[in-house]
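To start, the structure under review is shown below, and the notes come after it.
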Amino acid sequence: MVDLSPDEAGQLIEQALVMKQGGMRCLLPWRSVALLFEKPSLRTRVSFDLAVSQLGGHCLYLSPQEVGLGQRESVPDVARVLSRYVDCIVARVFSHETVALLAETATVSVINALSDLEHPCQALADFLTIREHKGRLAGVRLAYVGDGNNVARSLSLLAGMMGIDIVIASPEEYRLDDVTVTSARRLAASAGSSVVVTEDPVAAVNGADVVYTDTWTSMGQEHETTVRRKAFERFQVNGTLMAHAAPNALFMHCMPAHHGEEVTSEVLNGESSIVFDQAENRLHMQKAILSQILIPAD
Ligand code: CP
Ligand code: NVA
């Protein structure tokens, strides 16, 4: 997330809003983008693919079986070969080190489409969604309830950049790491906002404008599912927890969601839920990100 400055992140959100309103089509004629994915995806794959097409470029999806990243071929070799064909690599990987190595060795731009460390494109689309619904970002109170994972990390850093007050509630053993909390707090100090970590979901949600959760078991952690279900029992977002939030509070989830686990169907399908706006906004944000990277500045 911190590859972007607060100004750049703000500009991307504003640019995505313009693109959503139908502005700036056919910006990438003859540009090619490779989607290099080690993990499954619905939203990220479809939104990047459509974003490239709608901007007039060409997109290639490369499945894990075809490429064998780091197995059939080394990561630097894949990066160098793809750099001879495409203008940008969008990578979804298990280990963040893989996307970092791709970025280091490719001669074209590499976008992180989710690693075990971060999910920055998701956070940008989420903040676009909050901006649309609340009319602003600075001063909004965001409660994240659940695993201190890739999604929580990118949300916290972007919250620090954009002046959102964020509280992250997780079980002690799954809390957001200290390095991220320190970085997010440093950014928040400049923006005049706060980053709070707690083990109390009710305290986190108290007075919140937005309540956000994510799966308790991320891709690659499936062997921990049973242990995690037990550890996160108190952290389900349900009607009782939402009642502690501010009047007209919104519910967000990056999806895929597990009904009856991290969120009840009542909340996910309820009036406060904006999860499908979030999903749609992935498309508009991907267009803004790709335009920023692939269109040379005047
Ligand atoms: N939110 C998100 O990244 O969804 P996918 O895993 O389906 O891409
Ligand atoms: N934390 C989840 C996000 C899925 C979009 C995962 O990494 O599986």
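Take any residue in the sequence shown, note its place counting from 1, add 2, and you have its number in my numbering.
Ideal Cβ placement from N, Cα and C applies to all residues, glycine included.
Buried or exposed: which applies to residue 302, given that a residue is buried once 16 or more other Cβ atoms fall within 10 Å of its Cβ? What is shown of the chain runs 3 to 300, which leaves residue 302 out entirely.
I'd like the list of long-range same chain contacts for residue 66, defined as Cβ closer than 6 Å, with 5 residues on each side in sequence excluded. Taken in chain order, the residues that qualify are 40.
Cβ neighbours of residue 237 in the same chain (closer than 6 Å, five flanking residues each side left out): The residues 147, 148 and 203, in chain order, have a CB closer than 6 Å to that of residue 237 in the same chain once the five nearest residues on each side in sequence are set aside.
Should residue 43 be counted as a contact of ligand 1 given a C-beta to heavy atom distance under 7 Å? Indeed, a heavy atom of ligand 1 lies less than 7 Å from the Cβ.
Enclosing alpha helix (DSSP H) for residue 129 [first to last residue]: Residues 122-136.
Is residue 227 near ligand 2, in the sense that its beta carbon is under 7 Å from a heavy atom of that ligand? No - ligand 2 has no heavy atom lying nearer than 7 Å to the Cβ of residue 227.
Going by C-alpha distance, which of 170, 178, 280 and 163 is nearest residue 8? Of the candidates 170, 178, 280 and 163, the one whose C-alpha sits nearest the C-alpha of residue 8 is 163.
Report the start-end ranges of each beta strand (DSSP E) in the region 42-78 that is 3 residues or longer and not cut off at the edges. Considered as a whole, the region 42-78 harbours 60-64 as its complete beta strand (DSSP E) runs of no fewer than 3 residues, in chain order.
If we ignore side chains and look at the alpha-carbon of each, how far apart do residue 80 and residue 54 end up? Between the alpha carbons of residue 80 and residue 54 lies a distance of about 21 Å.
Would the region 175-185 count as touching the region 151-160 if we require 3 or more Cβ pairs under 8 Å? Contact between the region 175-185 and the region 151-160 is present, with at least three C-beta pairs closer than 8 Å.
Between residue 286 and residue 21, which are expected to be in contact by the criterion C-beta below 8 Å, what is the C-beta distance as a whole number of angstroms? That pair is a contact at about 5 Å.
Could you please give the first and the last residue of the uninterrupted alpha helix (DSSP H) stretch that includes residue 152? Residue 152 -> alpha helix (DSSP H) spans 152-164.
What did DSSP end up calling residue 36 once you bin it into helix, strand or coil? DSSP places residue 36 in strand when its eight states are reduced to three.
Only counting the same chain, and skipping five residues up and downstream in sequence, which positions put a Cβ closer than 8 Å to that of residue 31? For residue 31, the CB contacts under 8 Å within the same chain, skipping 5 residues up- and downstream, are 58 and 59 in chain order.
Does DSSP classify residue 188 as helix, strand or coil? The answer is helix: DSSP assigns residue 188 an H, G or I state.
Does the beta-carbon of residue 87 have 16 or more other beta-carbons within 10 angstroms, so that it is buried, or is it exposed? So residue 87 counts as exposed.
Beta-carbon separation of residue 133 and residue 15 under 8 Å? Yes.
Continuous alpha helix (DSSP H) stretch holding residue 310: start and end: Absent from the structure is residue 310, since the part of the chain shown begins at 3 and ends at 300.
From what residue to what residue does the beta strand (DSSP E) around residue 254 run? Judged by DSSP secondary structure, residue 254 falls within the beta strand (DSSP E) whose first and last residues are 252-255.
Could you name the residues that DSSP lists as bridge partners for residue 111? Bridge partners of residue 111 according to DSSP: 90.
On a Cα-Cα basis, can you pick out the residue from 216, 113 and 73 that is closest to residue 172? The shortest C-alpha separation from residue 172 is found at 216.
Who does residue 199 pair with in a DSSP beta bridge? Residue 199 pairs with 170.
Using 10 angstroms around the beta-carbon of residue 228, count the other beta-carbons present and answer buried if the total reaches 16, otherwise exposed. Burial call: exposed.
Using the DSSP secondary-structure output, state which residues sit across from residue 215 in a beta bridge. According to DSSP, which records beta bridges pairwise, residue 215 is partnered with 255.
Would the region 98-115 and the region 216-226 be scored as touching if the rule is three or more Cβ pairs under 8 Å? When C-beta atoms of the region 98-115 are compared with those of the region 216-226, fewer than three pairs fall below 8 Å, so the two segments do not count as touching.
Would DSSP call residue 102 helix, strand or coil? The answer is helix: DSSP assigns residue 102 an H, G or I state.
Run the proximity test for residue 203: is its beta-carbon closer than 7 Å to any non-hydrogen atom belonging to ligand 1? The answer is no for residue 203.
Which residues bound the beta strand (DSSP E) around residue 147? Here the beta strand (DSSP E) through residue 147 covers 143-147.
State the DSSP-derived secondary structure class of residue 260, mapped to helix, strand or coil. The answer is coil: DSSP assigns residue 260 none of H, G, I, E or B.
Residue 66 beta carbon near ligand 1 (any heavy atom closer than 7 Å): Taking 7 Å as the cut-off, the C-beta of residue 66 does not count as close to any heavy atom of ligand 1.
Residue 239 (DSSP reduced to helix, strand or coil): Looking at residue 239 - three-state DSSP - the assignment turns out to be strand.
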